[in-house]
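Take a look at the structure below.
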Amino acid sequence: MADQETIIIGGGHNGLICAIVLARAGQRVTVLEAGSNLGGMAAEREFHPGFRSALAQTLYAMPHSLIRELDLTAHGLDLATEPLPIKPLSIAGTPQSITASSLAGAEDDDTAAYPKYVAMLGKFAAALAPFWERTMPRVGATGMSDLMTFGKLGLKLRLLGKQDMLEFFRVATLPMRDLLDEYFSDDQLKAALCWDALVGSQLAPRSPNQAVLTLLNRMAGKDAGQHVVPKGGMPGLVRALENAAVKAGVTIRTDCTVESVRIEGDENGQRCIGVELQSGELLLSDRVVSSADPQTTFLNLVGAQHLEIEFTNRIRRLRNKGYVARVHLALSGLPAFKGLDSPKGRLIIAPTMDSIEFAWDAAKYGQLPEAPVMEVLIPSLQEPNLAPQGQHVLAANVMYVPHDLKSGWTPEHRAALLNTVLSELTRYAPGIQDLVLGSELLTPQDLAAQYRTTNGHWHHCEPAIDQLLMMRPTYEAAQYATPISGLYLCGAGCHPAGDVSGNPGRNAAREILA
Ligand SMILES: Cc1cc2nc3c(=O)[nH]c(=O)nc-3n(C[C@H](O)[C@H](O)[C@H](O)COP(=O)(O)OP(=O)(O)OC[C@H]3O[C@@H](n4cnc5c(N)ncnc54)[C@H](O)[C@@H]3O)c2cc1C
């Protein structure tokens, strides 16, 4: 294995992590990134002169074990920042503040229930955590290591104790609404607490199946999934990964788009022998690992002519429509939000779980919601150098904005959406409009084009129950190897899913080295 040549398509965080692990094991690794910057969706962009932001703002899903294994602190990662509280915004200005260990501003009953809720989810998240960090067995596999994975999962759940194990099976596929109704009465609190189970997915509070699992996956990250902004923002993490990659001997090429994956073979099988760049350059290698999303990898870079029809159909049918838009505002000063002393934190605009459901109802029929729900962050409070002195950046994840707007995206629709978002913000922060120096709207279509991700999906493809675990993105490609010998996947479209966790990248590298 050592001294072999590996090409990695895409220099997002998963591509970089896969590269570091393989290079440290002695492989000669080259990362080819189409964009000018590394980091993929965690890369920084200037959206208005002097104002910068990344799509991914907060780190929560990356496990401690990965940060330690890659020695990221020694390569410049600084996570010595306070976790961000969740602050649901209210027009009446009734402030609440939620952290993993405290709930301020809620009714007594809800305050009393909160530690029980957190403890229950914490136990389940800890039991599942090891399974996000390893390859899922093949469907029907009977090998020793596959059986051990199932055995360990069973044991972890059994060790919860009978009562908790039964409770885990009961809640694991509940809609978030039902789970939260069991514990709490305050509408605003429940809406804020379901955010992390839903954001980035085709899910609303009444959706069954994978919302609780998504939440548990996110809670398996460093410090129980609490959100932190690394020093230097997400680009601080990307720089640490780049430093670690360079130190390990990885060659990195940016502005380098892979046009196709080269396949050789006959009726006895096909083998991947390298890639062809947009420039026409041919690069040969022993293997290619793609962090591009599965449809881009198989349909655009490999080509259906090299794949079995059934496999191609399953890749074509992947559900991967993005429903999150990003709005950036360049602000001349810090906006004042009703009821908040400081807007430091994750500000949630979603007054009730119904308000989230109604926004989703519109989007699932291809319409723009009348009242979008959103999570707002002012990253320049943590990183003042994102904006000129005394000025600020506001970044809002706006849900639900359909990739496929029924009437098609026109300049008028874009203006209308931006206007609606600004009006919503003004209800909670009167006067904010007077501070706006510039703005940027990125619809899921813009995200698809600018971040080279099919349909602009946060997770590359929906982490739905039929596209999870040993089915992610689909069987025959769920163990990072693909039906084409020498071609692997390592991006968010693989187990366990998206977010800046690094799990797909590290799991893929381990699988290659096994
Ligand atoms: C609006 C928004 C906000 C988000 N916020 C957060 C957050 O706060 N925290 C969090 O943890 N997650 C967040 N996410 C999700 C997270 O950013 C992604 O899940 C994660 O970045 C996926 O990482 P990746 O390395 O697998 O893929 P990507 O980050 O998508 O990187 C893939 C890379 O491959 C490159 N590429 C693709 N095709 C080619 C080609 N043909 N040749 C060369 N290069 C190619 C792309 O240019 C890209 O750089 C957010 C997502 C969105 C959309």
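First residue of the sequence shown? That's 1 in our numbering, and the numbers climb one at a time after it. Ideal Cβ positions, reconstructed from N, Cα and C, are used throughout, including at glycine. Fair warning: this is a prediction, and the values are worked out from it, not measured in the lab.
Alpha-carbon spacing of residue i relative to residue j, whole angstroms
i      : j      : result
Glu264 : Thr30  : 21 Å
Met120 : Arg346 : 23 Å
Ala43  : Ala362 : 31 Å
Ala192 : Asn209 : 20 Å
Glu308 : Val302 : 12 Å
Ser439 : His459 : 25 Å
Ser279 : Gly122 : 50 Å
Phe298 : Pro483 : 10 Å
Asp109 : Asp181 : 13 Å
Lys162 : Arg170 : 12 Å
Ala224 : Arg134 : 19 Å
Gly390 : Glu375 : 23 Å
Met144 : Ala80  : 41 Å
Gly486 : Cys272 : 5 Å
Ala244 : Tyr365 : 45 Å
Gly491 : Glu107 : 42 Å
Nearest candidate by alpha-carbon position, reference residue i, set the options
i      : options                        : result
Gly408 : Gln445, Val250, Leu193, Ile9   : Gln445
Thr254 : Glu511, Ile512, Gly10          : Gly10
Glu33  : Asn14, Leu22, Phe51            : Asn14
Leu128 : Asn217, Ala336, Ile315         : Asn217
Ile86  : Met219, Thr111, His227         : His227
Ala395 : Met353, Gly233, Ser290, Asp354 : Gly233
Ala19  : Ala304, Ala56, Tyr488, Asp499  : Tyr488
Gly274 : Asn268, Val261, Gly76          : Val261
Ile348 : Ser97, Phe124, Leu331          : Ser97
Pro369 : Pro384, Ala350, Ile378, Met41  : Ala350
Gln173 : Pro379, Tyr183, Ala197         : Strictly speaking, residue 173 in this sequence is Thr, with Gln absent from that position. Per the Cα distances, Ala197.
Thr410 : Asn397, Thr426, Gly390, Leu441 : Leu441
Gly269 : Gly236, His306, Ala245         : His306
Pro115 : Phe184, Lys162, Leu381         : Phe184
Thr251 : Ile7, Gly40, Leu417            : Ile7
Ala248 : Ile512, Ser485, Val21          : Val21
Lys190 : Leu55, Pro230, Leu103, Gly236  : Leu103
Gly151 : Asp164, Phe131, Leu166         : Phe131
Met136 : Val436, Leu468, His75          : Leu468
Leu77  : Leu213, Leu153, Leu237         : Leu237
Ala499 : Pro384, Thr214, Glu242         : Looking at the sequence itself, residue 499 is Asp, so the reference to Ala does not match. Of the listed residues, the one whose Cα sits closest to Asp499 is Thr214.
Glu46  : Gln202, Leu159, Pro235, Ala514 : Pro235
Asn37  : Ala74, Thr443, Leu241          : Leu241
Beta-carbon proximity list for residue i, same chain, < 8 Å, skipping 5 on both sides
i      : result
Lys338 : Leu89, Ser90, Ile91, Ala92, Gly93, Tyr428, Ala429, Pro430
Asp178 : none
Leu277 : Leu32, Cys256, Thr257, Val258, Glu259, Leu283
Arg515 : With the chain running from 1 to 514 in the structure shown, residue 515 is simply not present.
Three-state secondary structure assigned by DSSP to residue i
i      : result
Asn397 : strand
Gly493 : coil
Thr254 : coil
Pro515 : The requested residue 515 does not occur in the structure, where the chain is confined to residues 1 to 514.
Lys338 : coil
Pro115 : helix
Met144 : helix
Phe47  : strand
Gln382 : coil
Ala104 : strand
Leu59  : strand
Val436 : strand
Glu310 : helix
Per DSSP, the bridge partner or partners of residue i
i      : result
Asp266 : Gly269
Val229 : For Val229, which the question treats as bridged, DSSP gives no partner whatsoever.
Ala39  : For the sequence presented, residue 39 should be read as Gly rather than Ala. According to DSSP, Gly39 bridges with Gly12.
Glu276 : Ser260, Leu282
Val29  : Thr6
Ser290 : Ile9, Leu489
Ile86  : Ile98, Arg346
Val327 : Ala396, Leu441
Val373 : Met399
Ala481 : Gln479, Tyr488
Arg452 : Note: Arg452 sits in no beta bridge, so no partner.
Ala54  : Glu44
Cβ-based neighbour list, residue i, same chain, cut-off 6 Å, excluding 5 preceding and 5 following
i      : result
Asn455 : Asn320, Lys321, Gly322, His403, Ala448
Leu381 : Lys344
Ile17  : Gly502, Gly505, Arg506
Ala497 : His459, Pro463
Leu425 : Ile432
Glu383 : Gly233
Proximal residues to residue i (C-beta, below 7 Å), its chain only, five neighbours per side dropped
i      : result
Gly221 : Tyr60, Ala61, Met62, Pro63, Ser501
Glu5   : Arg28, Ser285, Asp286
Arg206 : Pro175, Arg177, Glu357
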